[in-house]
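Residue numbers (numbering that gives the first Met the number 0): 0 to 443.
Even for Gly, the Cβ is constructed at its ideal location relative to N, Cα and C.
For reference, the structure discussed in these notes is given below.
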Amino acid sequence: MKRSFALLPAIAILLSLLVLPAGAAYSAEPPQAVSEAYVVMDASTGQILIEKNMDQKEYPASITKIMTAILALENASLDDTHEMTYEATHSIDYNSTHIALTEGEVVTLRELMYAMLLTSANDAANGIAEMIGGTIPDFVEMMNAKAEELGCTGTHFANPHGLDDEAHYTTAHDMALITRYALTLPEFREFFSREKYTMGPTNKQPNERYFWSQHEMLFDSDYTYPRATGGKLGWTPIAKHTAVTTAEQDGLELICVVMNSTAAKEKYEDTAALFDYCFDSFAEIVLTKQSLQGFEVPLLDDGGQQVGEVRIYPDNEVDVLVHRSYEKSDLKLEYNVPEAYHTGEEIHPTLTVTMKKESAAMAPLSRVYDLIFEQEDYDEETILSMRVKEPSPFWGAFFRVLLWILAGAAGLILLLFLVMVVIRFINLSRRRRRQKRRNRRLYR
0 MKRSFALLPA
10 IAILLSLLVL
20 PAGAAYSAEP
30 PQAVSEAYVV
40 MDASTGQILI
50 EKNMDQKEYP
60 ASITKIMTAI
70 LALENASLDD
80 THEMTYEATH
90 SIDYNSTHIA
100 LTEGEVVTLR
110 ELMYAMLLTS
120 ANDAANGIAE
130 MIGGTIPDFV
140 EMMNAKAEEL
150 GCTGTHFANP
160 HGLDDEAHYT
170 TAHDMALITR
180 YALTLPEFRE
190 FFSREKYTMG
200 PTNKQPNERY
210 FWSQHEMLFD
220 SDYTYPRATG
230 GKLGWTPIAK
240 HTAVTTAEQD
250 GLELICVVMN
260 STAAKEKYED
270 TAALFDYCFD
280 SFAEIVLTKQ
290 SLQGFEVPLL
300 DDGGQQVGEV
310 RIYPDNEVDV
320 LVHRSYEKSD
330 LKLEYNVPEA
340 YHTGEEIHPT
350 LTVTMKKESA
360 AMAPLSRVYD
370 LIFEQEDYDE
380 ETILSMRVKE
390 PSPFWGAFFR
400 VLLWILAGAA
410 GLILLLFLVM
420 VVIRFINLSR
430 RRRRQKRRNR
440 RLYR
């Protein structure tokens, strides 16, 4: 019996572990990353989970090549060929990373892409720039135009490879935006996640070239990260270490950008710690369609007459990724729906989800969701019947005043009636008293 009681504490501990919900343990604050700037973004929605100095301008180094890859994939086929020029092969620092491409060498876009994204070859980036833009300066203009199109506000490119230039800068947030877009291009992931590639002989090079990814989180190394799915590194003396990495767990894909890390290991350690924090400490809050609001908004013509109706409602449930310390009641819902629409007016109702209060556990939340709408235009008979039923504003006001007058008159009549009843009651009482007095005198 004593042994049975001795086992009770162990059994209690075991049961408590079994009933604890999955993911119950989480950190209250992000890790203390040493990189000067970082951001972690949900690749699917663009939501910022955590950040530090994400809008601070930094030198990107070779993570620039993600933008170069975007323009290549959007404007050419991977089997297209290009003949390298003297400018492309000789305008880079000889001590920078390259694969020794020579003037007149004919290579495919696919080979240039592997060289650029795996070994970070600067001569390959120049070759892509000339292939797509005609000249390197023209390609750089395309890069800046694309950055503006993607919503980048702190970015200016001066070359396609990322070698130091005072006019070549970006932000962690902008690089996350650029990477998020790149991930929507199906062929990009092949290069972004590849560990190695063998380039065959060319017209100028009889030997094969071997490329290996430089990102140590993607393959077996001291910094392997099992959930990592792709990445690109950068380094120059001015930019220091930069890294863009993607990782996925349970269907959630995150983008992590770290910039201005002083040591090689810092970019890996920071990235891993930031990923771990977000995967462990964030969860979805689901707002069902039934819990969201719907609207019926009148559609008016130029004269203010209702000629239809716009029904507005959420198309589906809303999923919001928040830190586990928050609950559904902490969400603030703001509907951008006017009281009425006018014919010919653009209809764009939205729902904005923010937090009632913020904390250091996550970046400020501001998610905007489009609401679905259906427009019903009334036929002439319906409009005519509404005009008959609905008096003009003047007559409406007139009838309201008249109603108040009638109500007042009725009240006054009722009051007079009550007064008359009271007076009559008083008179009857007096008569009865007088009659009683007379009767008393007669019987004396």
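Touch test, the stretch 137-151 against the stretch 95-112, Cβ-Cβ under 8 Å, three pairs minimum: Under the 8 Å Cβ criterion, the stretch 137-151 does not count as touching the stretch 95-112, having fewer than three qualifying pairs.
Range covered by the beta strand (DSSP E) that runs through Phe281: Taking the first residue of the sequence shown as 1, we reach residue 281 at position 282. Counting along the chain, the beta strand (DSSP E) containing Phe281 begins and ends at Phe281 to Leu286.
Residues near Tyr196 by beta carbon distance below 7 Å, same chain, minus five either side: As a working mapping, residue 196 is identified with position 197 in the sequence shown. Listed in chain order, the non-local C-beta contacts of Tyr196 below 7 Å within the same chain comprise Tyr113, Leu117 and Phe210, local neighbours out to five positions each way being set aside.
Cut-off 6 Å between Cβ atoms - residues of its own chain near Lys1, not counting five sequence neighbours on either side: Taking the sequence shown and counting its residues from 1, one reaches residue 1 at position 2. In this predicted model, Lys1 has a pLDDT of only 44, less than 50, meaning its place in the structure is not dependable enough to derive any value.
Every unbroken beta strand (DSSP E) inside the stretch 158-192 [3 residues or more]: Whole beta strand (DSSP E) segments, 3+ residues: zero.
Spatial distance of Pro337 from Gly307 (CA atoms): Taking the sequence shown and counting its residues from 1, the one referred to as residue 337 is at position 338. Taking the sequence shown and counting its residues from 1, the one referred to as residue 307 is at position 308. Spanning the alpha carbons of Pro337 and Gly307 requires a straight line of approximately 15 Å.
Straight-line gap, Glu373 to Lys64 (C-alpha atoms, nearest Å): Within the sequence shown, numbered from 1, the residue matching residue 373 stands at position 374. Within the sequence shown, numbered from 1, the residue matching residue 64 stands at position 65. Spanning the two alpha carbons is a distance of roughly 44 Å.
Contacts around Ala175, its chain only, beta-carbon distance under 6 Å, and the 5 residues preceding and following it disregarded: Within the sequence shown, numbered from 1, the residue matching residue 175 stands at position 176. So the list reads Val38, Met40, Ile254 and Val256, once near-sequence residues are dropped.
For Glu247, three-class secondary structure by DSSP: Within the sequence shown, numbered from 1, the residue matching residue 247 stands at position 248. Note: Glu247 maps to strand in three-state DSSP.
Distance CB(Ile91)-CB(His160) smaller than 8 Å: Residue numbering aside, residue 91 sits at position 92 when the sequence shown is read from its first letter. Residue numbering aside, residue 160 sits at position 161 when the sequence shown is read from its first letter. Less than 8 Å separates the beta-carbon of Ile91 from that of His160.
Spatial distance of Leu17 from Ala271 (CA atoms): Your numbering for residue 17 matches position 18 in the sequence shown. Your numbering for residue 271 matches position 272 in the sequence shown. In this prediction, Leu17 has a pLDDT of 44, which is less than 50 and means its spatial position is unreliable; what the coordinates show is noted afterwards. Whole-angstrom Cα-Cα distance: 28 Å.
Asn335 - containing beta strand (DSSP E), residue span: As a first step, residue 335 must be located in the sequence shown, where it is residue number 336. Taken as a continuous stretch (DSSP letters only), the beta strand (DSSP E) holding Asn335 covers Leu330 to Asn335.
Reference Lys239; option with closest CA among Thr245, Tyr224, Ser220 and Glu265: To locate residue 239, count along the sequence shown from 1; it is residue 240. Cα-wise, what sits closest to Lys239 is Glu265.
CB of His155 within 8 Å of CB of His167, strictly: The residue labelled residue 155 in the question sits at position 156 within the sequence shown. The residue labelled residue 167 in the question sits at position 168 within the sequence shown. Going by C-beta atoms, His155 is nearer than 8 Å to His167.
Ile98 and Asp78 closer than 8 Å at C-beta: To locate residue 98, count along the sequence shown from 1; it is residue 99. To locate residue 78, count along the sequence shown from 1; it is residue 79. No, the pair does not count as a contact, with Cβ atoms beyond the cut-off.
Given 8 Å, three or more beta-carbon pairs between the stretch 326-336 and the stretch 282-299: The stretch 326-336 vs the stretch 282-299: in contact.
Own chain residues within Cβ distance below 6 Å of Thr235, not counting five before or after: Position 236 of the sequence shown, counted from the start, is the residue given in the question as residue 235. Excluding positions up to five away in sequence, the list reads Ala60 and Asp163.
Residue burial classification, Gly126 (beta-carbon count within 10 angstroms, cutoff 16): Counting from one through the sequence shown, the residue named residue 126 turns up at place 127. Answer is buried; the Cβ neighbour count reaches 16.
Closest by C-alpha distance to Ile237, when choosing among Lys231, Met258, Phe218 and Gln248: As a working mapping, residue 237 is identified with position 238 in the sequence shown. Looking from the CA of Ile237, the closest CA among Lys231, Met258, Phe218 and Gln248 belongs to Met258.
Nearest-angstrom Cβ-Cβ length linking Ile177 and Met66, presumed shorter than 8 Å: Sequence index remark: in the sequence shown, residue 177 carries index 178 (1-based). Sequence index remark: in the sequence shown, residue 66 carries index 67 (1-based). The C-beta separation of Ile177 from Met66 comes to about 6 Å, placing the pair in contact by the 8 Å criterion.
Endpoints, alpha helix (DSSP H) assigned at Asp122: In the sequence shown, the residue the question calls residue 122 occupies position 123. Counting along the chain, the unbroken alpha helix (DSSP H) around Asp122 starts and ends at Asn121 to Gly132.
Ala246 classed as buried or exposed, judged by whether at least 16 other C-beta atoms fall within 10 angstroms: Counting from one through the sequence shown, the residue named residue 246 turns up at place 247. By the 10 Å Cβ count, Ala246 comes out buried.
Boundaries of the beta strand (DSSP E) in which His81 is found, first to last residue: Numbered from 1 along the sequence shown, position 82 holds the residue referred to as residue 81. From DSSP, the beta strand (DSSP E) with His81 extends over Thr80 to Glu82.
Buried or exposed (CB count within 10 angstroms, at least 16 for buried), His81: For this step, residue 81 is matched to residue 82 along the sequence shown. His81 is buried by the Cβ-count criterion.
For Glu73, the first and last residue of its enclosing alpha helix (DSSP H): On the sequence shown, position 74 is the one that residue 73 refers to. Where Glu73 is concerned, the enclosing alpha helix (DSSP H) stretches over Lys64 to Asn74.
Residue nearest to Gln46 in terms of C-alpha spacing, selected from Leu364, Ile425 and Gly230: Within the sequence shown, residue 46 is the residue found at index 47, counting from 1. Measuring from the Cα of Gln46, the nearest candidate turns out to be Leu364.
Beta-bridge partners of Asp318, as assigned by DSSP: Start at 1 with the first residue of the sequence shown, and residue 318 comes out as number 319. According to DSSP, Asp318 bridges with Val285.
Beta-carbon separation (whole angstroms), Thr169 vs Glu57, contact threshold 8 Å: Here residue 169 refers to the residue found at position 170 of the sequence shown. Here residue 57 refers to the residue found at position 58 of the sequence shown. Approximately 7 Å separates the beta-carbon atoms of Thr169 and Glu57; this is inside 8 Å, confirming the contact.
Backbone secondary structure at Ser470 - three-state DSSP: For the chain, the structure presents residues 0 to 443; residue 470 sits outside this window and is missing.
Status (buried if at least 16 other CB within 10 Å, exposed otherwise) for Ser290: In the sequence shown, counting from the first residue as 1, residue 290 sits at position 291. Around the CB of Ser290, fewer than 16 other CB atoms lie within 10 Å, so the residue is classed as exposed.
Counted within 10 angstroms of its Cβ, other Cβ atoms place Arg429 as buried (16 or more) or exposed: Taking the first residue of the sequence shown as position 1, residue 429 is located at position 430. So Arg429 ends up on the exposed side.
Beta bridge counterpart(s) of Pro297 as assigned by DSSP: Within the sequence shown, the letter at position 298 stands for residue 297. Per DSSP, Glu308.
Per-residue DSSP class, three states only, for Gln46: If you number the sequence shown from 1, residue 46 lands on position 47. The three-state reading of DSSP puts Gln46 in coil, since its state is none of H, G, I, E or B.
N- and C-terminal bounds of the beta strand (DSSP E) containing Ile371: Within the sequence shown, residue 371 is the residue found at index 372, counting from 1. According to the DSSP assignment, Ile371 belongs to the beta strand (DSSP E) that extends over Ile371 to Asp376.
DSSP-derived helix/strand/coil call for Leu217: As a position in the sequence shown, residue 217 is number 218, starting the count at 1. In the structure shown, Leu217 falls within a coil segment according to DSSP collapsed to helix, strand and coil.
Beta-carbon spacing of Ser43, Tyr276 below 8 Å: The residue labelled residue 43 in the question sits at position 44 within the sequence shown. The residue labelled residue 276 in the question sits at position 277 within the sequence shown. It is not a contact, given that the beta carbons lie outside the stated cut-off.
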